[in-house]
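At position 203 of the sequence shown the residue is numbered 350 (the numbering used here), and the sequence of numbers has no breaks.
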Amino acid sequence: VPELPDVEGFRRVLEDHAIGERIARVDVLDEGVVHGTSGAAFERRLAGLAITRTERRGKWLLAQTNGPTLLFHFGMTGSLAWSTKDASERFERVRFGIDGGHLAYLDQRKLRGVWLADGDAAIEKTIGRQGPDALRTTGAQLTQLVRGHRGAVKSVLMDQHVLAGLGNMSSDELLWRARVAPSRRANELADGELGALGRAMRSVLRASVRVGRIPTGRTWLTSQRGVRDPHCPRCHNSLRTSRIGGRTSLWCPTCQH
Ligand SMILES: [Zn+2]
Numbered sequence: 148v149p150e151l152p153d154v155e156g157f158r159r160v161l162e163d164h165a166i167g168e169r170i171a172r173v174d175v176l177d178e179g180v181v182h183g184t185s186g187a188a189f190e191r192r193l194a195g196l197a198i199t200r201t202e203r204r205g206k207w208l209l210a211q212t213n214g215p216t217l218l219f220h221f222g223m224t225g226s227l228a229w230s231t232k233d234a235s236e237r238f239e240r241v242r243f244g245i246d247g248g249h250l251a252y253l254d255q256r257k258l259r260g261v262w263l264a265d266g267d268a269a270i271e272k273t274i275g276r277q278g279p280d281a282l283r284t285t286g287a288q289l290t291q292l293v294r295g296h297r298g299a300v301k302s303v304l305m306d307q308h309v310l311a312g313l314g315n316m317s318s319d320e321l322l323w324r325a326r327v328a329p330s331r332r333a334n335e336l337a338d339g340e341l342g343a344l345g346r347a348m349r350s351v352l353r354a355s356v357r358v359g360r361i362p363t364g365r366t367w368l369t370s371q372r373g374v375r376d377p378h379c380p381r382c383h384n385s386l387r388t389s390r391i392g393g394r395t396s397l398w399c400p401t402c403q404h
């Protein structure tokens, strides 16, 4: 599931291949991912424009052009890839033809997709209200954001209205690093725990953004996801899964309190 580090990776794909380039043609292969306009109008409005700037806001990716801004939200299964092959990839939904190849928006489940927005007000309306971007949030700011909520800390971290960008995997990872159980009430965390959470967030995001995903090396909790009998990479005791905020949390009952 694409979270902040993955979307930052997709932003780099745009930067590397599309910035300053003209979108020669657009092919909507599946209209189900185009929002607010028809596939034909989407193709017509973007064709011939140049991508001038990219920006990530939480899990949203924005590509500014010399016309409307193109917005991507990757939902549960979306991705953006550069290709120089003519054959379309499995689950390719929109193709943006650029000199030398094309950008492919791929998405199996089509929960979100692509939008066009004219001007800042339309961009804000499409994205909706969301909290500050997690990558640009300091430990002190995180403390302020988290402490005002009574829900489970895991749910608060994943709530895009509070903090934009974290998802199920990154929240689990930083709670595990901070040794805080995911079901703890956010407003009952001690100062030391909030401080540890802030430090964990900064180091997890910094390392993840570098590789465009949450690393799966053996010192990462993520390495145990999907494993039949998951063990804590730190204390080697068994990990537990719990349902929190509608998502499955992986955590260590020995290390996390
Ligand atoms: Zn442990």
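Glycine included, each C-beta is placed from N, C-alpha and C at the ideal position.
Check the Cα spacing between residue 365 and each of 357, 382, 224: the tightest is with 382. Residue 283 sits exposed, since fewer than 16 C-beta atoms from the chains shown fall within 10 Å of its C-beta. Within the segment 273 to 327, the complete alpha helix (DSSP H) segments of 4 residues or longer fall at 286 to 294, 300 to 305, 315 to 325, listed in chain order. Proximity of the beta carbon of residue 381 to ligand 1 is indicated: a heavy atom of the ligand is located closer than 7 Å. Taking residue 173 as reference, the option from 271, 243, 214, 264 with the minimal CA-CA separation is 243.
When rounded, the separation of the alpha-carbon atoms in residue 274 and residue 260 is 12 Å. In this structure, the straight-line span from the alpha carbon of residue 312 to that of residue 204 is close to 8 Å. In this structure, the beta-carbon distance from residue 348 to residue 281 falls below 8 Å. A Cβ-Cβ distance of about 22 Å is found for the pair residue 197 and residue 240, leaving them out of contact under the 8 Å criterion. Per the DSSP secondary-structure output, residue 243 pairs in a beta bridge with 173, 250.
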